[in-house]
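Colleague: To start, I am sharing the structure in question, which I have written as structure tokens.
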Amino acid sequence: MNVMRTLVASALTVSLLACSSNTDDLGPDDNDAATGELRVVTETVAEFSSPWAMTFLSDGRLLVTEKYSGQLWIVTTAGEKRQITGVPAVDDGGQGGLGDVVLHPDFATNDWVYLSYVEAGSSGTRGAVVDRAKLTLDGEGGGALSELERIWTQTPKVSGRGHFGHRIAFSPDGYLFISSGERQKFDPAQDMNGNLGKIVRLHDDGRLPDDNPFASEGGVTAQIWSLGHRNPLGLAFDAEGNLWNTEMGPQGGDELNFVVKGENYGYPEVSNGDHYGGADIPDHSPGDGFKAPAASWYPSISPAGFVIYRGDMFPEWKGSALIGGLSSRALIRFPLQGDTVRQVQALDDNARIRADGLDTRIREVEEAPDGAVWVLQDGGDLLRLTAER
Ligand SMILES: [Ca+2]
Ligand SMILES: [Ca+2]
78 MNVMRTLVAS ALTVSLLACS SNTDDLGPDD NDAATGELRV VTETVAEFSS PWAMTFLSDG
138 RLLVTEKYSG QLWIVTTAGE KRQITGVPAV DDGGQGGLGD VVLHPDFATN DWVYLSYVEA
198 GSSGTRGAVV DRAKLTLDGE GGGALSELER IWTQTPKVSG RGHFGHRIAF SPDGYLFISS
258 GERQKFDPAQ DMNGNLGKIV RLHDDGRLPD DNPFASEGGV TAQIWSLGHR NPLGLAFDAE
318 GNLWNTEMGP QGGDELNFVV KGENYGYPEV SNGDHYGGAD IPDHSPGDGF KAPAASWYPS
378 ISPAGFVIYR GDMFPEWKGS ALIGGLSSRA LIRFPLQGDT VRQVQALDDN ARIRADGLDT
438 RIREVEEAPD GAVWVLQDGG DLLRLTAER
């Protein structure tokens, strides 16, 4: 039996706290606002076949993408699925198809939604793109996209169907951030002439901000906010406006990163994991010139989508990253503080949230307007988690 080992790249103490199945007793701050013992209650809202992403409307309705069918759904507050028409055709297969969906920060007045998906190129190549479109909703029925515009293109298009990344997030000050995987091609994550293995920052209409770290170099390079990423499947802002990302490492070395303007996160030059098959990649070490992850894991937890919780329904979770785990079959909680993980603990001690329906591959996590936590199982159901005390 494998022993879960938690590697911490920064100077943190590993805290392995006693497990208590339904309660979270992670630290002195955690129980301040809580009253009574927390029980997490799961309700299945809707069923899907290949859900990849979701985002809430302010009224509690929810948009959900499906990777392989390329369908976009709206889930009504009554839990009914209605289809959105006008979605562009996607090149689906492997890890790609229809990807993320987010709303423009001013969606209430401008109707823009942003979609990432995989587009075929020439000679068997492909890459992710981000488009935006106006979403018109039909009461409690479905809806339609119109006025489709190209916002971003993953460059260059290459062969294969893996490591697209293509998670989207708006910063509190209105910039569009997109995570771009290295497409299982390794070295492009360090190549400044392409945007593979990068996190990019754009204006909402795709224009290049002139205060990006490499803006003076022009072209694709001017998009780059940070580099040296492998397959960044999660992108989220904390309450202070800081950007974090989750990232699939190679064999081991999955990462939670505090994303800083212009920093190089090292892949494939350094990683706390190693190549599949065992070939060594030097670990992160002080003075190596690369930004180390806030936390990394060996063996892998396979982090996918995540949120940094802000709600009142689970006061114990405020300021924590709630991360969907694929191979770890878990919803994982790590409390953040500043640019660090406050307490790093092994998955099966205290990090795993215990509730029905969570012992499966988790693709995506969102916080509803009322503070409930919603979870998309990978290839499965949409779950709603609420607190009972
Ligand atoms: Ca989402
Ligand atoms: Ca290594």
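Residues in the sequence shown are numbered consecutively from 78, following the numbering used here.
Virtual Cβ for every residue (Gly too), placed ideally from N, Cα, C.
#1: Do the segment 128 to 146 and the segment 438 to 447 make contact, defined as three or more Cβ pairs closer than 8 Å?
#2: Determine the direct distance from the alpha carbon of leucine 312 to that of serine 248, and round the result to whole angstroms.
#3: Which residues mark the beginning and the end of the beta strand (DSSP E) in which threonine 119 is found?
#4: Which of helix, strand or coil does DSSP assign to serine 379?
#5: Indicate whether at least one CB of chain B lies closer than 8 Å to the CB of tryptophan 229.
#6: Is the beta carbon of valine 117 closer than 8 Å to that of alanine 432?
#7: Is it a yes or a no for the segment 262 to 280 touching the segment 303 to 310, going by three-plus beta-carbon pairs under 8 Å?
#8: Hey, would you say tryptophan 129 sits closer than 8 Å to arginine 440, going by beta carbons?
#9: Tell whether a beta-carbon distance below 8 Å holds between glutamate 224 and alanine 210.
#10: Less than 8 Å between the CB atoms is what I'm expecting for serine 303 and valine 336, so what's the real figure, rounded?
#11: If contacts are defined as beta-carbon pairs under 8 Å, then tyrosine 145 and aspartate 169 qualify, I think. What distance do you get, rounded to the angstrom?
#12: Using a threshold of 8 Å, state whether the C-beta atoms of arginine 466 and threonine 437 are closer than that.
#13: Any heavy atom of ligand 1 inside 7 Å of the beta-carbon of glycine 176?
#14: Excluding sequence positions up to five away, which residues of its chain have a Cβ less than 7 Å from the Cβ of glycine 156?
#15: Examine ligand 2 and report whether any of its heavy atoms sits within less than 7 Å of the Cβ of isoleucine 358.
#16: Kindly identify the DSSP beta-bridge partner or partners of valine 141.
#17: How would you label tyrosine 194, buried or exposed, when you count the other beta carbons within 10 angstroms and need 16 or more for buried?
#18: When burial is assigned at 16 or more other CB atoms within 10 Å of the CB, is glycine 330 buried or exposed?
#19: How many Å lie between glycine 396 and glycine 201 at the Cα?
#20: Confirm, please, whether the CB-CB distance from glycine 173 to arginine 238 is below 8 Å.
#21: Scan the segment 381 to 436 and note each continuous beta strand (DSSP E) run of 3 residues or more that stays entirely inside, going in chain order.
Modeller: Answer, in terms of the structure:
#1: Output reads yes: the segment 438 to 447 touches the segment 128 to 146.
#2: By one-based count along the sequence shown, residue 248 stands at place 171. By one-based count along the sequence shown, residue 312 stands at place 235. Taking the straight line from one Cα to the other gives about 10 Å.
#3: By one-based count along the sequence shown, residue 119 stands at place 42. Where threonine 119 is concerned, the enclosing beta strand (DSSP E) stretches over 116 to 124.
#4: Stepping through the sequence shown from its first residue, residue 379 is reached at position 302. In the displayed model, serine 379 falls within coil according to three-state DSSP, outside both helix and strand.
#5: Of the protein chains in the structure, only one exists, and it is not chain B.
#6: Along the sequence shown, read from residue 1 onward, the residue named residue 432 stands at position 355. Along the sequence shown, read from residue 1 onward, the residue named residue 117 stands at position 40. The Cβ atoms of alanine 432 and valine 117 lie closer than 8 Å to each other.
#7: Contact between the segment 262 to 280 and the segment 303 to 310 is present, with at least three C-beta pairs closer than 8 Å.
#8: Within the sequence shown, numbered from 1, the residue matching residue 129 stands at position 52. Within the sequence shown, numbered from 1, the residue matching residue 440 stands at position 363. Result yes, Cβ atoms of tryptophan 129 and arginine 440 sit closer than 8 Å.
#9: Locating residue 224 in the sequence shown gives position 147, where the first residue counts as 1. Locating residue 210 in the sequence shown gives position 133, where the first residue counts as 1. Taking a C-beta distance under 8 Å as the contact criterion, glutamate 224 and alanine 210 qualify as a contact pair.
#10: Counted from its first residue, the sequence shown places residue 303 at position 226. Counted from its first residue, the sequence shown places residue 336 at position 259. Their Cβ separation, rounded to whole angstroms, is 5 Å, which keeps serine 303 and valine 336 in contact under 8 Å.
#11: Along the sequence shown, one-based indexing puts residue 145 at 68. Along the sequence shown, one-based indexing puts residue 169 at 92. Going by Cβ atoms, the distance from tyrosine 145 to aspartate 169 rounds to 5 Å, so yes, they are a contact pair.
#12: One-based indexing of the sequence shown puts residue 466 at position 389. One-based indexing of the sequence shown puts residue 437 at position 360. Judged by beta-carbon spacing, threonine 437 lies beyond the 8 Å limit of arginine 466, meaning their Cβ atoms are not closer than that value.
#13: Sequence index remark: in the sequence shown, residue 176 carries index 99 (1-based). Glycine 176: no, Cβ never under 7 Å from ligand 1.
#14: Walking along the sequence shown from the start, residue 156 turns up at place 79. Val122, Ala123.
#15: In the sequence shown, counting from the first residue as 1, residue 358 sits at position 281. Yes - ligand 2 has a heavy atom lying nearer than 7 Å to the Cβ of isoleucine 358.
#16: Looking up residue 141 in the sequence shown gives position 64. According to DSSP, valine 141 bridges with Met131, Trp150.
#17: Stepping through the sequence shown from its first residue, residue 194 is reached at position 117. With 16 or more Cβ atoms within 10 Å of its Cβ, tyrosine 194 is classed as buried.
#18: Taking the sequence shown and counting its residues from 1, one reaches residue 330 at position 253. Only buried fits glycine 330, as 16 or more other CB atoms lie within 10 angstroms of its CB.
#19: For the purposes of this step, residue 396 is taken as residue 319 along the sequence shown, with counting starting at 1. For the purposes of this step, residue 201 is taken as residue 124 along the sequence shown, with counting starting at 1. Going from the Cα of glycine 396 to the Cα of glycine 201 covers about 43 Å.
#20: Position 161 of the sequence shown, counted from the start, is the residue given in the question as residue 238. Position 96 of the sequence shown, counted from the start, is the residue given in the question as residue 173. Taking 8 Å as the Cβ cut-off, arginine 238 and glycine 173 qualify as a contacting pair.
#21: Qualifying beta strand (DSSP E) stretches, in chain order: 397 to 402, 407 to 414.
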